[in-house]
Amino acid sequence: MMVTTSEQPTAGQVERAKHLADKLKLTYAHRGKITLKQLSEKWQCDRFVRVDREGYQLVGPRQAPFYFHPSMAYIRVQRMMQGDWSDGLCRASEAETGDHVLDCTMGLASDSIVFSYLTGQQGRVTALEAEPVIHAIVQEGLARYTTEEADINDAMRRIVCVQQDHQSYLQAQPDNSQDIVYFDPMFRKTDVASASMSPLRDIADHRPLSLAVVEEAQRVARKCVVMKESRYSKEFERLGFHRIIPSGKTAYGVIRL
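With the first letter of the sequence shown counted as 1, position 22 gets the number 631 in our numbering; the numbers rise by one all the way through.
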């Protein structure tokens, strides 16, 4: 994997790309006026993090690009703004204004956005992502992407993104330092069919949650630990989530503290 820019980049884009390459410990590939396919052949590389005026994208000549978009989070929050509080995450977590939430599996940040809206300006959402490239793309998107809803934009800007694996992060936290600790190990599921996620499969963390991690989460959380999984997953029982709240094809397991 390498870092590059759009065709005929501005000086600012080149500078940002070089800075990102240093941060990710990747090589910067000068783009100039050549196509992505030509760049791939020149460097014998089939995947690039591209810096352009929209932000960062994961691209390649034989794959769909991956870029940040609030996606279903936008629709979910809009429903809440209209008074519909039936969202599964909302019901499972019972998140309130001012809560501190630790999202241990940021991914595309959809649930972090929902949490940020629920907890408001007095709350705090910290989103962890172990994979540096996913972290960089989503962090940049949360800071730059603008929707037509000011409340959703504000919710995205408030999220604090941390590039670290959740086990080591949890181990370093004091007891009862978060209100809610949340897990959605989505990349472990082989039935996730979203085309927007497919470019991330070979770089994402596929490891299942361990019982030790869930126990750490219970130590850190003050109110509850929540996990999203397939509706009939055996992970809930294995990890001690006995209260299950169905939500379509998925479900939320809850450990109340």
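Think of the CB as a built atom: it goes at the ideal place given N, C-alpha and C, for glycine as much as any other residue.
None of these values were measured; they are calculated from a predicted model.
How close, in whole Å, do the beta carbons of residue i and residue j come, if the pair is a contact with beta carbons under 8 Å?
i    : j    : result
M611 : L635 : 6 Å
R831 : Q787 : 7 Å
G869 : D793 : Because residue 869 is not part of the residues shown, which for the chain are 610 to 866, the question remains open.
F675 : I746 : 7 Å
A764 : S725 : 4 Å
V734 : D712 : 6 Å
Between the alpha carbons of residue i and residue j, how many angstroms are there, rounded?
i    : j    : result
S695 : S842 : 22 Å
S615 : V660 : 6 Å
S649 : R671 : 10 Å
S819 : H775 : 11 Å
F796 : P618 : Low local confidence applies: a pLDDT of 48 at F796 is under 50, so the model's placement there is unreliable, and no value is given.
E705 : A620 : 44 Å
G729 : L633 : 32 Å
K651 : Y637 : 13 Å
R625 : E663 : 12 Å
M681 : Q691 : 16 Å
L698 : G857 : 12 Å
P679 : A718 : 8 Å
Q653 : Q622 : 23 Å
Y754 : R766 : 9 Å
Q647 : E740 : 27 Å
Considering only DSSP beta bridges, list what residue i is partnered with.
i    : result
R840 : Answer is none; R840 lacks a bridge partner.
A860 : E838, P855
M611 : T636, F657
Q672 : G669
V734 : V710
Y791 : D712, V835
C699 : Answer is none; C699 lacks a bridge partner.
With distance defined between alpha-carbon atoms, name the residue in the options nearest to residue i.
i    : options                : result
A821 : P783, L779, I743, K632 : L779
L866 : E825, T859, P741, L633 : E825
D708 : S680, I768, I761       : I768
D720 : A673, L751, W652, R662 : L751
Y791 : G862, R640, L667       : G862
At a threshold of 6 Å, does residue i count as lining the ligand SAM (C-beta to nearest heavy atom)?
i    : result
E757 : Although the ligand SAM was asked about, the structure shown includes no ligands whatsoever.
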